[in-house]
Structure formats: C-alpha cells, structure tokens
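For the sequence shown, UniProt numbering puts the final residue at 204, and the numbers step up evenly by one.
Don't be surprised by glycine CBs; every beta carbon is placed ideally from N, CA and C.
As the structure is a prediction and not an experimental result, all values here were calculated from the model.
What follows is a short report on a single structure.
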Amino acid sequence: MADELNSFLAAGQSSFSTALFDHYAQSDLTHSEFLVYLFLSQWAQTHTEAPEPDGLAARLKMTPGTLYATINSLLQKQAVALVSFPDGHGHTIDQYDVTPLLRRLLDTPQATTTQAEANATSTVFNQIEIEFARPLSPIEQQTIADWLNIDHYNPKVIQLALREAVLNQKYSLRYIDRILINWEKLHLTTPQQVQTYLQQRNQL
1 MADELNSFLA AGQSSFSTAL FDHYAQSDLT HSEFLVYLFL SQWAQTHTEA PEPDGLAARL
61 KMTPGTLYAT INSLLQKQAV ALVSFPDGHG HTIDQYDVTP LLRRLLDTPQ ATTTQAEANA
121 TSTVFNQIEI EFARPLSPIE QQTIADWLNI DHYNPKVIQL ALREAVLNQK YSLRYIDRIL
181 INWEKLHLTT PQQVQTYLQQ RNQL
C-alpha cells in the first residue's frame, strides 16, 4: 500500500483555477465538455504540443469522433482556442489554449449544443478519420470546426463532399473544401440539392 501511495504521489499533481469550479454552474459547458476541458488543461501544463487524439480519447473513455465533437463544441463556445507557434526548428506546433474559458465564465452563456447537433458533428469527424485511415491533426479538426461553425455547412453536405473526394481518391481536406466552395457558388446548401445536382451530373 505504501509503495502504491508513493507511486501515486510521485506521479505529480496538476493545478486548476478555483474559478473553474466556483463558476462552473454559470458556464454553458456540459459535463462531458468540462471533463475534456480539464484533461486539455492538465495536458497543457506538462506539454507544449496538442495531445494525440486517439490517446486522449482512450484516456477519456470516448470514441475519437465523440472527442472531436466535444472539442469542436469547446471551440465553438470559445472555451478553448487552437494556437500555433514555431518550435525554433522550422516546424509549427499546435496546442490548445485553455485560458479563454476563464475569461468567459462571467459572460452571458451561449445556447448549449443540442444532442442531435452533437451527433451529426461526431459523425462528420468519425467518417473523415475513417476514410483518411489516420487520426486528424488539431489543424484539421479546426478546419472541420470552421466548416460547421463559421461556414455553417450542413454536416450531411460535408459527408457528401467527403464521398466525392474518396471517389476521386483525394484524401485531403483542401480538396473537400474546394468541393464545398463550388457547391456554395452553385447555391447548393442542402443534402437534397446536392444529391439532385450529382444525379443530374452523372446522367450527362
């Protein structure tokens, strides 16, 4: 027992602002979002780079898709921010900045993401990772989050764009982005409009 306790103490400790716990009820974070936020905060205290997604998902007992959707919600609610900085060797390091939540605790809460929206978002992240056959980088997560939160692309439209990219053997978010931009120029904003367009195109 003593050896186990010593090992536990030797593992180190993490510190969190008491404001997180004092004002949690005033925030718009769900329990899952708050848990992911705490894990990201703990990671940021001991690492300079963002955590490896699959490893973090395993520690949280989440699927990667659920983790991506939760982080996306944290980004949307401005609880965290994705930042990049040079490492001094010509490379760029991505990390999650967890300080925005502390500055927002007393702000007016935003509407909580519905379960349906969360499920749709999780599906988008899951399908892209499955088709790419690799974990998504933080920058790629941010790109997808921007499609959903800034460009307001319908999740099912993103899935259709992913299918088009896979059919053309283009496993790149940049390629998917070009498809989405082209459909937007054609005023194709719903899955039904996109499917009708694709059917008509394939009949030519």
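Checklist line | Q95 - partner residues in DSSP beta bridges | finding: Numbered from 1 along the sequence shown, position 95 holds the residue referred to as residue 95. V83.
Margin query: Rounded to the nearest angstrom, what separates S122 and N168 at their Cα positions?
Written below: Position 122 of the sequence shown holds residue 122. Position 168 of the sequence shown holds residue 168. Per the coordinates, the alpha-carbon of S122 lies some 24 Å from the alpha-carbon of N168.
Next item on the list: Kindly indicate which three-state DSSP category K185 falls into: helix, strand or coil?
Entry: The count along the sequence shown starts at 1 and reaches residue 185 at position 185. K185: helix per DSSP, three-state reduction.
Check: Quick one: what's got a C-beta closer than 7 Å to P191's C-beta in the same chain, skipping five residues either side?
Finding: As a first step, residue 191 must be located in the sequence shown, where it is residue number 191. The answer, listed in chain order, is N154, K156, V157, L160.
Margin query: In whole angstroms, give me the CA-to-CA distance for T99 and Q127.
Written below: Your numbering for residue 99 matches position 99 in the sequence shown. Your numbering for residue 127 matches position 127 in the sequence shown. Those two C-alpha atoms are separated by around 30 Å.
Next item on the list: Mark N119 as exposed unless 16 or more other C-beta atoms lie within 10 angstroms of its C-beta, in which case mark it buried.
Entry: As a working note, residue 119 is residue 119 in the sequence shown. By the neighbour-count rule (16 or more Cβ atoms within 10 Å), N119 is not buried but exposed.
Notebook entry, point to check: So is P64 buried or exposed if we call it buried at 16+ other beta carbons inside 10 Å?
Noted result: Sequence index remark: in the sequence shown, residue 64 carries index 64 (1-based). Burial call: buried.
Next item on the list: Decide yes or no for the touch test of the region 16-24 against the region 52-67: beta carbon pairs closer than 8 Å, at least 3 of them.
Entry: Result no; under three Cβ-Cβ pairs closer than 8 Å.
Item checked: Under the three-state DSSP convention, the category T63 falls into -> Along the sequence shown, one-based indexing puts residue 63 at 63. Note: T63 maps to coil in three-state DSSP.
Notebook entry, point to check: Roughly how many angstroms separate the alpha carbons of R178 and N72, rounded to a whole number?
Noted result: Counting from 1 along the sequence shown, the entry for residue 178 is found at position 178. Counting from 1 along the sequence shown, the entry for residue 72 is found at position 72. One alpha carbon belongs to R178, the other to N72, and they sit about 22 Å apart.
Check: Quick one: what does DSSP say I158 is sitting in, helix, strand or coil?
Finding: The residue given as residue 158 occupies position 158 in the sequence shown. Look at I158 here: in three-state DSSP terms it is helix.
Margin query: Looking at the secondary structure, which residues open and close the alpha helix (DSSP H) in which Y24 lies?
Written below: Against the sequence shown, residue 24 aligns to sequence position 24. Premise fails: Y24 is in no alpha helix (DSSP H) and is neither H nor E.
Notebook entry, point to check: By a C-beta neighbour count over all protein chains shown, 10 Å radius and 16 as the cutoff for buried, is T48 buried or exposed?
Noted result: The sequence position of residue 48 within the sequence shown is 48, counting from 1. Flag for T48 reads exposed.
Notebook entry, point to check: My guess is that L105 and H23 are in contact by the Cβ rule of under 8 Å, so how many angstroms apart are they, rounded?
Noted result: Position 105 of the sequence shown, counted from the start, is the residue given in the question as residue 105. Position 23 of the sequence shown, counted from the start, is the residue given in the question as residue 23. Rounded, the Cβ-Cβ distance is 4 Å, consistent with contact.
Item checked: The alpha helix (DSSP H) enclosing E52, as first and last residue numbers -> The sequence position of residue 52 within the sequence shown is 52, counting from 1. Annotation for E52: no alpha helix (DSSP H) segment contains it, and DSSP assigns it neither H nor E.
Notebook entry, point to check: Between which two residues does the alpha helix (DSSP H) containing H31 stretch?
Noted result: Locating residue 31 in the sequence shown gives position 31, where the first residue counts as 1. Looking at the DSSP string, the run of the alpha helix (DSSP H) that includes H31 is 31-46.
Check: Beta carbon of E131, beta carbon of V166: below 8 Å?
Finding: Along the sequence shown, one-based indexing puts residue 131 at 131. Along the sequence shown, one-based indexing puts residue 166 at 166. Yes, Cβ-Cβ distance for E131 and V166 is below 8 Å.
Checklist line | Whole-number beta carbon distance between L75 and L82, since they are thought to touch under 8 Å | finding: Position 82 of the sequence shown, counted from the first residue, corresponds to residue 82. Position 75 of the sequence shown, counted from the first residue, corresponds to residue 75. 7 Å between Cβ atoms; contact.
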